[in-house]
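Encoded as structure tokens, the structure appears first; notes follow it.
2 protein chains.
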Amino acid sequence: MAITKKSIFNQQYNDVSDFGKALAHPARVMILEILVAENRCVSDLTERIPLAQSTISQHLKELKKHGLIDTEIVGKQNFYCINQSRYTELQSALTQMLKKVMIQTP
Amino acid sequence: MAITKKSIFNQQYNDVSDFGKALAHPARVMILEILVAENRCVSDLTERIPLAQSTISQHLKELKKHGLIDTEIVGKQNFYCINQSRYTELQSALTQMLKKVMIQTP
DNA sequence: AAACTTTATCGTAGAATTACGATAAAAATA
DNA sequence: TATTTTTATCGTAATTCTACGATAAAGTTT
Numbered sequence: 001m002a003i004t005k006k007s008i009f010n011q012q013y014n015d016v017s018d019f020g021k022a023l024a025h026p027a028r029v030m031i032l033e034i035l036v037a038e039n040r041c042v043s044d045l046t047e048r049i050p051l052a053q054s055t056i057s058q059h060l061k062e063l064k065k066h067g068l069i070d071t072e073i074v075g076k077q078n079f080y081c082i083n084q085s086r087y088t089e090l091q092s093a094l095t096q097m098l099k100k101v102m103i104q105t106p
Numbered sequence: 001m002a003i004t005k006k007s008i009f010n011q012q013y014n015d016v017s018d019f020g021k022a023l024a025h026p027a028r029v030m031i032l033e034i035l036v037a038e039n040r041c042v043s044d045l046t047e048r049i050p051l052a053q054s055t056i057s058q059h060l061k062e063l064k065k066h067g068l069i070d071t072e073i074v075g076k077q078n079f080y081c082i083n084q085s086r087y088t089e090l091q092s093a094l095t096q097m098l099k100k101v102m103i104q105t106p
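As you go down the protein sequences, you meet chains P and A in turn.
With UniProt numbering, the residue at position 9 of the first sequence is 9, and numbering never jumps.
With UniProt numbering, the residue at position 33 of the second sequence is 33, and numbering never jumps.
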């Protein structure tokens with residue numbers, strides 16, 4: 001039973017953990033950082049990140065699953081970009097959670 | 001080959017993804033939030049989070065693996081607390097990464 | 001000492017993740 | 001039209017994750 005029991009946790013906890021999952025691999029962190037600077041196609045990302053093209057595609061799919069990025073097909077290339085509203089949504093859930101911690105921090 | 005190729009990514013990316021992994025389950029987010037408010041023993045956490053005691057222990061082990069929490073044995077109870085320095089370290093790596101995104105946000 | 005409490009660990013099982021090569025589909029180029 | 005480029009998807013394999021019950025170990029209580 002490796003299915004996370006999401007249903008027993010409220011929205012806020014799931015939002016934070018969704019963002020966590022998206023950030024839970026260095027390649028995905030790198031992808032997000034690259035896409036923040038500029039929209040990029042898969043071959044651009046594959047050049048910059050030393051993983052197989054199919055693996056990069058898989059990571060993009062994972063980010064898309066959490067709604068963090070969108071895609072636009074231009075000719076034979078697929079350009080990816082940050083989904084700002086979803087990003088902001090998850091970011092604020094995380095920031096709120098971190099703030100609570102900051103209070104405790106001396 | 002499900003081993004994440006951590007070695008090919010730099011420290012900053014790995015720090016962010018480590019924090020991501022720690023936050024990648026709602027139960028762990030909840031645990032961190034509870035421990036920020038007050039140090040707690042396992043039975044306290046098991047009362048608050050609707051998962052089996054052994055599962056809670058596993059999540060605590062995961063958080064400990066990433067250095068986010070420490071433990072202190074008092075009598076027959078094990079109290080857990082936030083490891084502030086590690087927490088701050090990972091938090092700042094994440095915050096720095098988020099800041100880059102904020103610049104882009106309109 | 002016997003019974004109880006607390007918690008880590010073991011064993012197990014199913015699901016998800018990470019990784020790659022191979023291949024298919026679609027567009028661009030020669 | 002044939003070839004090349006680009007990218008998603010399939011197949012596969014190893015590893016990790018999530019979850020629980022059972023149990024062991026260590027302390028507390030009766």
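Cβ atoms here follow ideal geometry from the backbone N, Cα and C, with glycine treated the same way.
{"Query": "Going by C-alpha to C-alpha distance, which of A:Asp70, A:Ala93, A:Gly75 and A:Met97 sits closest to Gln84 (chain A)?", "Result": "A:Asp70"}
{"Query": "Would Tyr13 (chain P) count as contacting chain A if we go by Cβ distances under 8 Å?", "Result": "yes"}
{"Query": "Which same chain residues, not among the five before or five after Thr105 (chain A), have their C-beta less than 6 Å away from its C-beta?", "Result": "In this predicted model, Thr105 (chain A) has a pLDDT of only 44, less than 50, meaning its place in the structure is not dependable; the value taken from the coordinates is given anyway. Excluding sequence neighbours, Thr105 (chain A) sits near nothing in its chain."}
{"Query": "Which same chain residues end up closer than 7 Å to Met59 (chain A) when comparing Cβ atoms and leaving out the 5 residues on each side of it in sequence?", "Result": "For clarity, residue 59 (chain A) is His in the given sequence; the question names Met instead. Cβ within range, chain order: His25, Ala27, Arg28 and Ile31."}
{"Query": "Anything in chain P within Cβ reach of Thr71 (chain A), meaning under 7 Å, just list it in chain order.", "Result": "Ordered by position in chain P, no residue passes the 7 Å Cβ test against Thr71 (chain A), which lies about 18 Å from the chain."}
{"Query": "Would you tell me roughly how many angstroms separate the C-alpha atoms of His66 (chain P) and Phe19 (chain P), rounded to the nearest one?", "Result": "8 Å"}
{"Query": "What does the Cβ neighbour count give for Ala22 (chain P), buried or exposed, with the cut at 16 atoms within 10 Å?", "Result": "buried"}
{"Query": "I'd like the ranges of any alpha helix (DSSP H) spanning at least 4 consecutive residues and lying wholly in the segment 37-85 of chain P.", "Result": "42-48 and 53-65"}
{"Query": "Please return the same chain residues whose Cβ sits closer than 6 Å to the Cβ of Ile103 (chain A), not counting the five positions on each side in sequence.", "Result": "In this prediction, Ile103 (chain A) scores a pLDDT of 47, lower than 50, which makes its location untrustworthy; the coordinate-derived value is nonetheless stated afterwards. So the list is empty, once near-sequence residues are dropped."}
{"Query": "Start and end of the alpha helix (DSSP H) containing Ala24 (chain P)?", "Result": "No alpha helix (DSSP H) holds Ala24 (chain P); DSSP gives it neither H nor E."}
{"Query": "Tell whether a beta-carbon distance below 8 Å holds between Leu94 (chain P) and Val36 (chain P).", "Result": "no"}
{"Query": "I need the DSSP call for Asn14 (chain A), collapsed to helix, strand or coil.", "Result": "helix"}
{"Query": "Of the residues that make up the segment 15-30 of chain A, which ones have a beta carbon closer than 8 Å to any beta carbon in chain P?", "Result": "Val16, Ser17, Phe19, Gly20, Lys21, Ala22, Leu23, Ala24, His25, Pro26, Ala27, Arg28, Val29 and Met30"}
{"Query": "CB-CB under 8 Å to Gln77 (chain P), same chain, minus the five flanking residues each way: which ones, in chain order?", "Result": "Cys41, Val42 and Ser43"}
{"Query": "Reducing DSSP to helix, strand and coil, say where Thr95 (chain A) ends up.", "Result": "helix"}
{"Query": "Can you tell me which of the three DSSP states Lys5 (chain P) falls into?", "Result": "coil"}
{"Query": "Would you kindly work out how many angstroms separate the C-alpha atoms of Leu45 (chain P) and Leu68 (chain P), rounded to a whole number?", "Result": "16 Å"}
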